[in-house]
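What the sequence shown shows, in the working numbering, is residues 80 to 239, in sequence order.
We put the CB at the ideal spot given by N, CA and C, even for glycine.
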Amino acid sequence: MKRLLASWLLPAVLVVVLAALVATSARLWSERGDDGLDAGAVAVARQAATNFFSLDHRHIDDDVQRMLDLATGDFADSYDEQSAALRTAVVDKQLVVTASLPEGGTATEYLGGDTAQVLVAVDVRTRARGGAVEDTRYRTRVVLTRVDDGWLVSGFEQVG
Numbered sequence: 080m081k082r083l084l085a086s087w088l089l090p091a092v093l094v095v096v097l098a099a100l101v102a103t104s105a106r107l108w109s110e111r112g113d114d115g116l117d118a119g120a121v122a123v124a125r126q127a128a129t130n131f132f133s134l135d136h137r138h139i140d141d142d143v144q145r146m147l148d149l150a151t152g153d154f155a156d157s158y159d160e161q162s163a164a165l166r167t168a169v170v171d172k173q174l175v176v177t178a179s180l181p182e183g184g185t186a187t188e189y190l191g192g193d194t195a196q197v198l199v200a201v202d203v204r205t206r207a208r209g210g211a212v213e214d215t216r217y218r219t220r221v222v223l224t225r226v227d228d229g230w231l232v233s234g235f236e237q238v239g
């Protein structure tokens with residue numbers, strides 16, 4: 080009888096331990112949730128970088144508003160204050176500035192709580208009156224703040 084009990088005890092304990100490990104792992108995996116936050120922050124950062132570097136003298140007011148729609152806090156205030164000078168410069172020079180993001184050109188630098196920092200590489204083509212074209216690559220850090228159920232830009236910095 081003791082031998083029969085001993086032969087079943089070890090497998091039974093192992094099954095219980097294994098079940099506990101599986102349950103704990105599943106719970107931790109489901110609570111992780113950072114992938115969705117990360118993807119949301121990266122998507123907003125990519126859109127913000129595109130908006131920030133895309134300006135056209137023919138619809139500059141819409142371009143500025145697109146950036147303001149993604150902005151919050153001091154960054155929104157600062158961008159709004161500087162937008163009049165930006166509008167004037169773009170219209171006076173008849174600029175058409177287009178941004179494109181290279182494949183794999185984004186990386187989450189930091190994600191925690193209600194703050195994220197995403198590095199974004201941006202290829203910018205600037206065409207001025209007279210057809211002069213200039214291509215430039217920028218590396219930016221987009222600082223994001225979680226507001227309600229989404230991410231908004233609270234800072235924009237050139238890096239490298």
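Segment limits, beta strand (DSSP E) that includes residue i
| i | result |
| --- | --- |
| residue 234 | 229-237 |
| residue 186 | 185-191 |
| residue 211 | Counting along the chain, residue 211 falls outside any beta strand (DSSP E), and DSSP gives it neither H nor E. |
| residue 195 | 194-206 |
Local conformation of residue i per DSSP, three classes
| i | result |
| --- | --- |
| residue 179 | strand |
| residue 117 | helix |
| residue 83 | Unreliable placement is indicated for residue 83, whose pLDDT of 49 sits below 50; no coordinate value is reported for it. |
| residue 217 | strand |
Span separating the alpha-carbon of residue i from that of residue j
| i | j | result |
| --- | --- | --- |
| residue 217 | residue 152 | 24 Å |
| residue 154 | residue 236 | 11 Å |
| residue 140 | residue 134 | 9 Å |
| residue 221 | residue 205 | 21 Å |
| residue 231 | residue 186 | 17 Å |
| residue 214 | residue 147 | 25 Å |
For residue i, the first and last residue of its enclosing alpha helix (DSSP H)
| i | result |
| --- | --- |
| residue 167 | 152-171 |
| residue 148 | 139-148 |
Residue j beta carbon less than 7 Å from that of residue i
| i | j | result |
| --- | --- | --- |
| residue 164 | residue 158 | no |
| residue 203 | residue 131 | no |
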